[in-house]
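Asks: Heads up, the sequence shown is in numbering that gives the first Met the number 0, so the first residue is 0 and it goes up one at a time. From the three backbone atoms N, C-alpha and C, an ideal C-beta is built for every residue, glycine too. Given the structure is predicted, the values throughout are model-derived calculations rather than measurements.
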Amino acid sequence: MEEKVFKSGFVAMLGRTNVGKSSIINKLVGEKVSAVANKVQTTRTAIRAIVNRENSQIIFVDTPGIHKPKNKLGSTMVETAFDSSLDVDIILFVIDAQSTDIGRGDRLILDKIIESNKKCILVINKVDLTTKEHVAELIKIYSKEYNFTSVVPVSVIKNKNLDVLLDEIESHLNARSCIL
Ligand SMILES: Nc1nc2c(ncn2[C@@H]2O[C@H](COP(=O)(O)OP(=O)(O)OP(=O)(O)O)[C@@H](O)[C@H]2O)c(=O)[nH]1
Ligand SMILES: [Mg+2]
Numbered sequence: 000m001e002e003k004v005f006k007s008g009f010v011a012m013l014g015r016t017n018v019g020k021s022s023i024i025n026k027l028v029g030e031k032v033s034a035v036a037n038k039v040q041t042t043r044t045a046i047r048a049i050v051n052r053e054n055s056q057i058i059f060v061d062t063p064g065i066h067k068p069k070n071k072l073g074s075t076m077v078e079t080a081f082d083s084s085l086d087v088d089i090i091l092f093v094i095d096a097q098s099t100d101i102g103r104g105d106r107l108i109l110d111k112i113i114e115s116n117k118k119c120i121l122v123i124n125k126v127d128l129t130t131k132e133h134v135a136e137l138i139k140i141y142s143k144e145y146n147f148t149s150v151v152p153v154s155v156i157k158n159k160n161l162d163v164l165l166d167e168i169e170s171h172l173n174a175r176s177c178i179l
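(1) Within this structure, are the beta carbons of serine 115 and isoleucine 90 separated by less than 9 angstroms?
(2) So isoleucine 156 and aspartate 127 are in contact, right, with Cβ under 8 angstroms, and what is the actual spacing, rounded?
(3) If you reduce the DSSP assignment to three classes, tell me which class glycine 64 lands in.
(4) Could you check whether the Cβ of tyrosine 141 sits closer than 9 angstroms to any Cβ belonging to chain C?
(5) Please state whether the Cβ-Cβ distance between valine 39 and glycine 19 is less than 9 angstroms.
(6) Taking the beta strand (DSSP E) that aspartate 51 belongs to, which residues open and close that run?
(7) Nearer than 8 angstroms: is that true of the beta carbon of threonine 75 relative to any heavy atom of ligand 1?
(8) In the DSSP assignment, the beta strand (DSSP E) including isoleucine 91 goes from what residue to what residue?
(9) Taking serine 22 as part of the alpha helix (DSSP H), name the residues at either end of that continuous run.
(10) Just curious, the alpha helix (DSSP H) that valine 150 is in, first and last residue?
(11) For lysine 71, which of helix, strand or coil comes out of DSSP?
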């Protein structure tokens, strides 16, 4: 008999609209489970997708992007996003690599993360659209705000660092030991 450590857990994607949350999930899962579009508020409900790995199972919860609601649907979407991130093991806070500062939407999300005090990985997406120096600057700005479990710059379009992101998530999930 061999004792193996198997890990599993829920991971919520949280971020402003259009930062690429659904694109990241689709790439990690290898299927188009969540709609992607070059327009805001594409994802309207919390969508679940599972990644099965040799030593782990990761259940992703995609959420609607955080934006300033203009109507009831909008405010329900924002509520859904925050509610979905409450009962997960790890939050993936996705930001756009092109952002220059912490804007209103990202500030709102940061405040919720601080309040939750949960494990949170900062994912800087779309690094193909900016420079390494700019990404380093963003890391500096955001690291002052929260003790992130880790920071992973990625690009879905260039397929960059997504394997690193999966490894990082797996390493922070809770272990369930089982005898095989
Ligand atoms: N250049 C570039 N574009 C990207 C990248 N990842 C996603 N995109 C594009 O960004 C746009 C928005 O992607 P989505 O995945 O729908 O974004 P989202 O965060 O799920 O948006 P909402 O569901 O509205 O909150 C799409 O046009 C994607 O093709 C990336 O790494 N680089
Ligand atoms: Mg989406």
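Replies: If we stick to the structure as given:
(1) For the purposes of this step, residue 115 is taken as the residue at position 116 of the sequence shown. For the purposes of this step, residue 90 is taken as the residue at position 91 of the sequence shown. The answer is yes: Cβ separation under 9 angstroms.
(2) For this step, residue 156 is matched to residue 157 along the sequence shown. For this step, residue 127 is matched to residue 128 along the sequence shown. Isoleucine 156 to aspartate 127, Cβ: 5 angstroms. Contact.
(3) Start at 1 with the first residue of the sequence shown, and residue 64 comes out as number 65. Of the three classes helix, strand and coil, the one that applies to glycine 64 here is coil, per DSSP.
(4) Checking the listed chains, one finds no chain C in this structure; it contains a single protein chain.
(5) Along the sequence shown, one-based indexing puts residue 39 at 40. Along the sequence shown, one-based indexing puts residue 19 at 20. No, the Cβ-Cβ distance between valine 39 and glycine 19 is not below 9 angstroms.
(6) The residue labelled residue 51 in the question sits at position 52 within the sequence shown. Note that residue 51 is asparagine in the sequence shown here, rather than aspartate. Here the beta strand (DSSP E) through asparagine 51 covers 46-51.
(7) In the sequence shown, counting from the first residue as 1, residue 75 sits at position 76. No, since every heavy atom of ligand 1 falls outside the 8 angstroms radius drawn around the Cβ of threonine 75.
(8) Here the question's residue 91 lines up with position 92 in the sequence shown. Per the sequence shown, residue 91 should be read as leucine rather than isoleucine. Annotation: the continuous beta strand (DSSP E) that includes leucine 91 extends over 89-95.
(9) Residue numbering aside, residue 22 sits at position 23 when the sequence shown is read from its first letter. Following the DSSP letters along the chain, one finds serine 22 inside the alpha helix (DSSP H) bounded by residues 20-28.
(10) Start at 1 with the first residue of the sequence shown, and residue 150 comes out as number 151. Taken as a continuous stretch (DSSP letters only), valine 150 belongs to no alpha helix (DSSP H), being part of the beta strand (DSSP E) at 149-152.
(11) Taking the sequence shown and counting its residues from 1, one reaches residue 71 at position 72. Judged by DSSP in its simplified three-state form, lysine 71 adopts helix.
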